[in-house]
Amino acid sequence: MQYRHLGRAGLQVSELSFGSWVTFSNQADSKLAADIMSAAYEAGVNFFDNAEVYAGGKSEEVMGAALKQLGWRRSSYLVSTKFYWGLTDGVNERNTLNRKRLLEGINGSLKRLQLEYVDLVFCHRPDPTTPIEETIWAMHNIIESGKAFYWGTSEWAASEIVQAIDLAERHHLHKPVMEQPQYNMFDRKRFSGDYVRFYKEYGYGSTTWSPLASGLLTGKYKGGIPKDSRAALKGYDWLQDRMTDKERLAKVDALQPIANELGCTLPQLAIAWCLKNPFVSTVITGASRVEQVHENMKAIDVAPKLTSEYLARIDEIFGFNEKNEEDD
Ligand code: NDP
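What the sequence shown shows, in my numbering, is residues 2 to 329, in sequence order.
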């Protein structure tokens, strides 16, 4: 496993990390979660991603119980959480990055995770209804209180991030240092067009999500929706159209000859492809079982074999024209 700096921050993250969205609590209890995290940690993963909203707070509880059971040295791993959607209905409790919610939110997350601090904390989405200064001050205060060490954004527009950085610098506050964008062969807009200039200029770190497009890029949805897959889970039926879309499945199918030539599996190819992007600090992988972790971690051996010729073939399959995207 290689470790990459989180953009210009001093912190180093394993190039592959692990996140608990969907899986923890829904598919994995704390015992299985500990086994999954252990497989990742043994492969060199040092970053475990979570969010307040995942499984309505239960994902943090499961990760907290797993970490307690694992008993790792606290300085040997990084944990994150994220805020925006909230956990309970009520004024000031949903879809907000206001000061009250963020300062209350971090206390709840730390309790559920059974930790004194998280390493990274994200604003899970932008909140156009709260002045950005208020959010920046709240994130600064969370860091100053020692409850988190670095803060970042998730799915914010480049212009919003630039505004946050500028304001933080002007007021000598802790500025955001990383973004958590979706990034996979289907969804790559965060690293094209204006974003490329933005990542280059600001040296912003990135912890990217859904490298397998929720499992679509594994090829396992070819014959329909497997009973034991994410798209078959109660509450995730919204994924089903995407997973059975003929055009998308044809693109996944077209990757198979490349995987065969490289001697790897489709999930390994899809994760290795994410690793090739120098603006990616860490690719957050997901898994519902230990075997998937073992398989996915081997993507690090595939990445060096993905030459520019292979990358061009993949671009062609997905109809991606770098020149056009850069000009957008
Ligand atoms: P992926 O796109 O990689 O999907 C992971 C899922 O694919 C697994 O849970 C599993 O689902 C299936 N899978 C994984 N490996 C294999 C394999 N080798 N063979 C077959 N199936 C496999 O990642 P996620 O969508 O889970 O995203 C990763 C992390 O990113 C999340 O946990 C979260 O931390 C973060 N994230 C952040 C978001 C944000 O808004 N900031 C949004 C979404 C995710 P199954 O077995 O159930 O089919």
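All C-beta atoms, glycine included, are put in the ideal place defined by N, C-alpha and C.
Distance, residue j Cα to residue i Cα
i: alanine 149; j: tyrosine 203; result: 22 Å
i: glycine 320; j: valine 92; result: 45 Å
i: glutamine 183; j: serine 26; result: 22 Å
i: phenylalanine 123; j: lysine 228; result: 33 Å
i: alanine 304; j: isoleucine 315; result: 14 Å
i: lysine 32; j: glutamine 13; result: 28 Å
i: alanine 295; j: threonine 130; result: First, the residue type needs correcting, since residue 295 is histidine and not alanine in the sequence shown. Using only the alpha carbons, I get a separation of about 43 Å.
i: proline 132; j: methionine 244; result: 38 Å
i: aspartate 350; j: serine 215; result: Residue 350 is absent from the model: the chain starts at 2 and stops at 329.
i: isoleucine 366; j: glycine 87; result: The question about residue 366 has no answer, for the chain in this structure spans 2 to 329.
Collapsed DSSP secondary structure at residue i in the structure displayed
i: glutamate 326; result: Caution is warranted here: a pLDDT of 48 is assigned to glutamate 326, below 50, making its placement in the model unreliable, and the coordinate value is therefore given only provisionally. It is helical.
i: glutamate 161; result: helix
i: phenylalanine 192; result: helix
i: tyrosine 203; result: helix
i: glutamate 135; result: helix
i: glutamate 180; result: strand
i: threonine 219; result: helix
i: arginine 74; result: coil
i: serine 309; result: helix
i: glycine 57; result: helix
i: isoleucine 285; result: strand
8 Å Cβ cutoff met for residue i and residue j
i: aspartate 30; j: valine 63; result: yes
i: leucine 17; j: threonine 208; result: no
i: alanine 386; j: valine 178; result: This structure cannot speak to residue 386, because the chain is shown only from 2 to 329.
i: arginine 113; j: glycine 72; result: no
i: alanine 44; j: methionine 2; result: yes
i: tryptophan 152; j: methionine 140; result: yes
i: alanine 271; j: asparagine 142; result: no
Expected contact under 8 Å - CB spacing of residue i and residue j to nearest Å
i: tyrosine 335; j: alanine 159; result: Nothing about residue 335 can be read from this structure; the chain reaches only from 2 to 329.
i: alanine 273; j: leucine 307; result: 6 Å
i: glutamate 135; j: asparagine 99; result: 6 Å
Span of the beta strand (DSSP E), counted from its first residue to its last, around residue i
i: leucine 111; result: No beta strand (DSSP E) contains leucine 111, which is instead part of the alpha helix (DSSP H) from 100-114.
i: isoleucine 259; result: Unbroken run through isoleucine 259 is the alpha helix (DSSP H), 247-263; no beta strand (DSSP E).
i: alanine 149; result: 149-154
i: glutamine 13; result: 13-15
i: aspartate 50; result: 48-50
i: arginine 5; result: 4-6
Cβ of residue i within 8 Å of any chain D Cβ
i: glycine 8; result: The chain labelled as chain D is not found in the depicted structure, where only one protein chain is given.
N- and C-terminal bounds of the alpha helix (DSSP H) containing residue i
i: serine 39; result: 31-43
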